[in-house]
């Protein structure tokens, strides 16, 4: 089914509507860019130099672009999982810990596979192990939620730290995943993954682009399909909007919540698997840095639109590469790109209220005049785990 | 239609203006590309995965970069990148390799990525500082070893002699081989001057940069009677200082020295100068004497980098220190 | 044994105070329906501001004031975004924290003179009370600011307890903002004010950490205690009084990381690092009754027009 163009674009090409999500997004991007240039100015770098550095280190550089897409792919996966759980009314803050567990799972399988295993078996097996461990980690929080009513924000947040500690543990002991300790100098990390378990390169010359982007896009498409076209997706939404009513209608609220949060963990786990499967193919205790938060933010900002998720994760991936370029070429401190990312997120989140929602009601012969006052839809969209019920 | 605060026209005009502005700025940027300059200078890229204000390894390296920038700008074009997360190491190293003739990577945690990027860029010279001391160099990759345990051996000597309770300890940031070996060296150094000294179990924080935690860890140590602590921490050091002041005990600082002022809890500083290693690498490349080998620095070599600054006038202490330095330099003792 | 217990308690309180202060205010805010993931950002801003002003003026108390004000400013931003503009509370909270963490590193590089000593807050032992075995030193041998903060926490707890008008207003706004609005309560103003309160409390926690404990500013020095404060609120099930207990437990959990090795217990570093969080999880999971969050938590208030 071909998606219909939004009303504002369907008519004759005219000036962009600033309230349309796309133009608003671009405006926010421009705002973040302006902020970056201004801050770089305080650090002594002229706007021309800064912008040039940004351009040459992102779009103007094949390697950086490929690396940015790889990063974006991992973030997108986490964001997809986040959206699924969010639909069921749950906020998964545990992306980082689940990512770490996924990386552990992928490594556990990926270093122990026999050398001759064909890629078509090794790769799915590795990613499946990653998904499994990520899911298990989220299941702990999900179980506590469903059985004891413990808030998932708190459990997933705490499990992040425990997951990262587990990662530290695993790479420090040979009995676990540490490479054989041949001397007092052996670094605490795993052996490299078997060739077949690594993420295959897509073959674009001069680019580290891997299959991860395909996995991520498949995941996004799958998520969109699940949420919009299946009965499960509908039930998830029902649970998210009104668990009380859903329960009365016979929907298994507990089971769906459990499933939603666990699925989020599985997605984050796969993200971990794709990152450990990229160069340099070893597991170390700093591998999870930063993905969880970014994935969460991307998930929330996308507000259920997988297309927006792709756009946002790409922007975030590019920001990292851009930041590095600015450091090298323009002498701009690393913190500025972190600040720019935060400002971008703030702008997008802050202006989200202005976004004009597409008219959803079917057209009628005599259009009913809408009620005065701000459209109540914004309250629903802005809330999420909103109309939460007492019995949690 | 929800009421607008501005007329739709004005809102649209603003939107167009923003797009036009962004577009023209981007165009201007493209137009102002300075292009590559080939002026005969050696282009050097330094990779510091941590922060240059970490009062530790990275800051020491950065001090070297700044020195080179000031004193040798005629022959060297040096740039650096700092504060990078592990998943982005490869990208940074590749970018540096694309724009420099010599790439220096500081920190053993970058090892896997350095090896991968060095293999992919055979025309670029790589130096890794602080990598595994038994790693195989590659054709275009040399390893420079700061031999931090040497400094800690000296630290142990001083700690054992300064201690009045006979109990000393060590706090490390992370349980990395270099740090663990340094902890052993600390104990060995202490026992070399006082075989009965009690060295409590070394503590590894899991974080080089948390002063509040380091403070509590130190307080816990001082609480059980330790009165001299040595450390390999970055920003966590300030917590150690605090705890030492409150417990009226001593700390051994480093790798960057500060003042031995009145009433300072510091008994001395281990000096590990990473900057000299960067200078050494640049000199080696400039004079064509660069070797793809494991290159140690410190007391057993004539390449500098390790020293100890004592905060006391006690001649016996100074003598013991000198003697220990001599032992290490001659190879009579192994730090660990 | 007594000695170790005393040391443990001293450390638990020391580590628990910043959590306690921030969590008390955050509990009030969450009862009013506003979740602030930016507590960490408020704290770190308070840390930097307090150190900068203390170094400039030579007065640690000026620094404390500056820290509180800086926190309030961050709270003002958070309130603007989440209460007035109805942006997603979690996203904006996390983004503000990120901005604050990166921004303070940037600002510190530009403004902070790292060689200058930071005037700190010395300890003041309460005579007699600090002599009490085991608990005396922990509770009564603190910097003056510590006692001030205890008093503040007690005041906020009492003033917003469910039995007072303010407490009821806060709860009403958090349960059903629309009906509270009909009842005449200024919903937006109440919510904005509680966010400012959290800002000030966070700033004070940061000032305490930077001036009374470690006496310096270092990058990212809060190391996640802001998030622990949010967790503490939920673990205390939004009861302002219980927050103190939870904060102490969290402090103790952190303190155990160091007392265990000091006692000679040899445990992998990873276990020690995970210990506070595992204990927190157990504490939270062990609660028998189901937690009941304020129904309007994170729901922006929109006055639906026309009934």
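Chains as they are written, first to last, in the numbering used here: chain Z, 1 to 392; chain C, 1001 to 1336; chain U, 2001 to 2307.
Here a beta-carbon is modelled for each residue, glycine too, at the ideal position from N, C-alpha and C.
All figures in this text were calculated on a predicted structure; none of them were measured in a lab.
Quick one: what does DSSP say residue 243 (chain Z) is sitting in, helix, strand or coil? Taking the first residue of the first chain as 1, we reach residue 243 (chain Z) at position 243. Of the three classes helix, strand and coil, the one that applies to residue 243 (chain Z) here is helix, per DSSP.
Does the Cβ of residue 2106 (chain U) have 16 or more other Cβ atoms within 10 Å, making it buried, or fewer, making it exposed? The sequence position of residue 2106 (chain U) within the third chain is 106, counting from 1. When all chains shown are included, residue 2106 (chain U) counts as buried.
Beta-carbon of residue 62 (chain Z) versus every beta-carbon of chain C: anything under 8 Å? Your numbering for residue 62 (chain Z) matches position 62 in the first chain. Taking Cβ atoms only, chain C never reaches closer than 8 Å to residue 62 (chain Z), which makes this a no.
Let me check one thing: in DSSP terms, what residues is residue 1138 (chain C) bridge-paired to? Start at 1 with the first residue of the second chain, and residue 1138 (chain C) comes out as number 138. The partner list for residue 1138 (chain C) (beta bridge, DSSP) reads C:1141.
Cβ closer than 7 Å: which chain Z residues qualify as neighbours of residue 2153 (chain U)? Here residue 2153 (chain U) refers to the residue found at position 153 of the third chain. Correct list: empty, because the minimum Cβ distance to chain Z is about 21 Å.
Interface residues of chain Z facing residue 2273 (chain U) [CB-CB closer than 7 Å]: As a first step, residue 2273 (chain U) must be located in the third chain, where it is residue number 273. Simply 165, 168.
Counting contacts by CB-CB distance shorter than 8 Å, is residue 1112 (chain C) in contact with chain Z? Translated into the one-based positions of the second chain, residue 1112 (chain C) becomes position 112. Yes, because at least one Cβ of chain Z sits closer than 8 Å to the Cβ of residue 1112 (chain C).
Interface residues of chain U around residue 1051 (chain C) at Cβ under 7 Å? Translated into positions along the second chain, residue 1051 (chain C) becomes position 51. The answer, in chain order, is 2219.
Does any C-beta atom of chain U lie closer than 8 Å to the C-beta of residue 1031 (chain C)? Here residue 1031 (chain C) is taken as the residue at index 31 of the second chain, counted from 1. Confidence at residue 1031 (chain C) is low in this model, with a pLDDT of 38, below 50, so the placement of that residue should be treated as unreliable; the coordinate-derived value is given next. Not closer than 8 Å to any Cβ of chain U, the Cβ of residue 1031 (chain C) fails to qualify, so no.
If I follow the unbroken beta strand (DSSP E) through residue 2060 (chain U), where does it start and stop? Taking the first residue of the third chain as 1, we reach residue 2060 (chain U) at position 60. Premise fails: residue 2060 (chain U) lies in the alpha helix (DSSP H), 2060-2079, not in any beta strand (DSSP E).
Do residue 2024 (chain U) and residue 2151 (chain U) have their beta-carbon atoms positioned less than 8 Å apart in this structure? On the third chain, residue 2151 (chain U) is found 151 positions in, with the first residue counted as 1. On the third chain, residue 2024 (chain U) is found 24 positions in, with the first residue counted as 1. Not a contact, by the Cβ cut-off of 8 Å.
From residue 2227 (chain U) to residue 2039 (chain U), what distance separates their C-alpha atoms? Position 227 of the third chain, counted from the start, is the residue given in the question as residue 2227 (chain U). Position 39 of the third chain, counted from the start, is the residue given in the question as residue 2039 (chain U). Each residue's Cα considered, the two are about 7 Å apart.
Between which residues of its own chain and residue 1151 (chain C) is the CB-CB distance below 6 Å, once the five residues before and five after are set aside? The residue you call residue 1151 (chain C) lines up with position 151 of the second chain. Around residue 1151 (chain C): 1270, 1272, 1306.
Starting from the beta carbon of residue 2245 (chain U), find every residue of chain C whose beta carbon is closer than 9 Å, and list them in chain order. Here residue 2245 (chain U) is taken as the residue at index 245 of the third chain, counted from 1. The premise fails here: residue 2245 (chain U) is roughly 20 Å from chain C at the closest Cβ pair, so nothing lies under 9 Å.
Bounding residues of the alpha helix (DSSP H) (the contiguous stretch that carries residue 1330 (chain C)): As a first step, residue 1330 (chain C) must be located in the second chain, where it is residue number 330. First-last of the alpha helix (DSSP H) with residue 1330 (chain C): 1315-1330.
Is residue 149 (chain Z) helix, strand or coil by DSSP? Taking the first chain and counting its residues from 1, one reaches residue 149 (chain Z) at position 149. Three-state DSSP puts residue 149 (chain Z) in coil, outside helix and strand.
For residue 1337 (chain C): DSSP bridge partner residues: In the structure displayed, chain C extends from 1001 to 1336; residue 1337 (chain C) sits before or after that span and is not available.
Would you please state the rounded distance, in angstroms, between the beta carbons of residue 109 (chain Z) and residue 129 (chain Z)? I believe it to be under 8 Å. On the first chain, position 109 is the one that residue 109 (chain Z) refers to. On the first chain, position 129 is the one that residue 129 (chain Z) refers to. That belief holds up - the Cβ atoms of residue 109 (chain Z) and residue 129 (chain Z) are roughly 4 Å apart, short of 8 Å.
Short Cβ contact (8 Å threshold) for residue 1964 (chain U) with residue 2174 (chain U): One cannot answer for residue 1964 (chain U) here, as it falls past the ends of chain U, which runs 2001 to 2307.
Just checking: is the beta-carbon of residue 2182 (chain U) within a distance shorter than 8 Å of some beta-carbon in chain Z? Counting from one through the third chain, the residue named residue 2182 (chain U) turns up at place 182. Output row for residue 2182 (chain U): interface = no.
For residue 1027 (chain C), does the count of other Cβ atoms within 10 angstroms reach 16, so buried, or fall short, so exposed? Numbered from its first residue, the second chain carries residue 1027 (chain C) at position 27. Note that residue 1027 (chain C) scores 45 on pLDDT, short of 50, meaning its location in the model is unreliable and no value can be drawn from it.
Strictly under 8 Å for the Cβ-Cβ distance: is residue 2209 (chain U) near chain C by that measure? Numbered from its first residue, the third chain carries residue 2209 (chain U) at position 209. With 8 Å as the cut-off, residue 2209 (chain U) counts as an interface residue toward chain C.
Short of 7 Å Cβ to Cβ, which residues in the segment 2231-2265 of chain U face chain C? 2255, 2258, 2259, 2261, 2262, 2264
Burial state of residue 359 (chain Z) (16 or more Cβ within 10 Å): Residue mapping note: residue 359 (chain Z) aligns to position 359 of the first chain, counting from 1. Reliability fails at residue 359 (chain Z), whose pLDDT of 43 lies under 50, so the model's placement of it is uncertain and the value that follows must be treated cautiously. With fewer than 16 other Cβ atoms within 10 Å, it is exposed.
Bridge partners of residue 205 (chain Z), per DSSP? By 1-based counting over the first chain, the position of residue 205 (chain Z) is 205. Paired residue(s): none; residue 205 (chain Z) is not in a bridge.
So within the segment 1095-1123 of chain C, which uninterrupted beta strand (DSSP E) runs reach at least 3 residues, ignoring any that extend past its ends? 1102-1106
Segments assigned alpha helix (DSSP H), at least 4 residues, entirely inside the segment 2115-2175 of chain U: 2136-2140, 2144-2159, 2165-2175
How should residue 225 (chain Z) be labelled, buried or exposed, when 16 other C-beta atoms within 10 angstroms of its C-beta is the threshold for buried? Counted from its first residue, the first chain places residue 225 (chain Z) at position 225. Flag for residue 225 (chain Z) reads exposed.
Give every residue of the same chain whose Cβ lies closer than 8 Å to the Cβ of residue 319 (chain Z), excluding the five residues on either side of it in the sequence, and list them in chain order. Residue numbering aside, residue 319 (chain Z) sits at position 319 when the first chain is read from its first letter. Only 337, 340, 341, 344 meet the Cβ criterion.
Residue 2281 (chain U) CB to nearest chain Z CB: under 8 Å? Indexing the third chain from 1 puts residue 2281 (chain U) at position 281. At least one chain Z Cβ lies under 8 Å of residue 2281 (chain U).
Who are the near neighbours of residue 1107 (chain C) in its chain, counting only those whose CB is closer than 6 Å to its CB and skipping five residues on each side? Translated into positions along the second chain, residue 1107 (chain C) becomes position 107. 1049, 1130, listed in sequence order.
Mind checking whether residue 2170 (chain U) and residue 2194 (chain U) have CB atoms under 8 Å apart? Along the third chain, one-based indexing puts residue 2170 (chain U) at 170. Along the third chain, one-based indexing puts residue 2194 (chain U) at 194. Yes.
Could you compute how far the alpha carbon of residue 304 (chain Z) sits from the alpha carbon of residue 1088 (chain C)? As a first step, residue 304 (chain Z) must be located in the first chain, where it is residue number 304. As a first step, residue 1088 (chain C) must be located in the second chain, where it is residue number 88. The straight-line gap from Cα to Cα measures roughly 28 Å.
Are the beta-carbon atoms of residue 2210 (chain U) and residue 2047 (chain U) separated by less than 8 Å? Working through the third chain from its first residue, we reach residue 2210 (chain U) at position 210. Working through the third chain from its first residue, we reach residue 2047 (chain U) at position 47. Yes.
In chain order, what residues of the segment 1178-1201 of chain C put their CB closer than 7 Å to some CB of chain Z? 1181
Kindly list the residues whose CB is nearer than 8 Å to the CB of residue 1132 (chain C), restricted to its own chain and excluding five residues on each side of it in sequence; keep chain order. Looking up residue 1132 (chain C) in the second chain gives position 132. Once the five neighbours on either side are set aside, the close Cβ partners of residue 1132 (chain C) are 1108, 1111, 1143, 1177.
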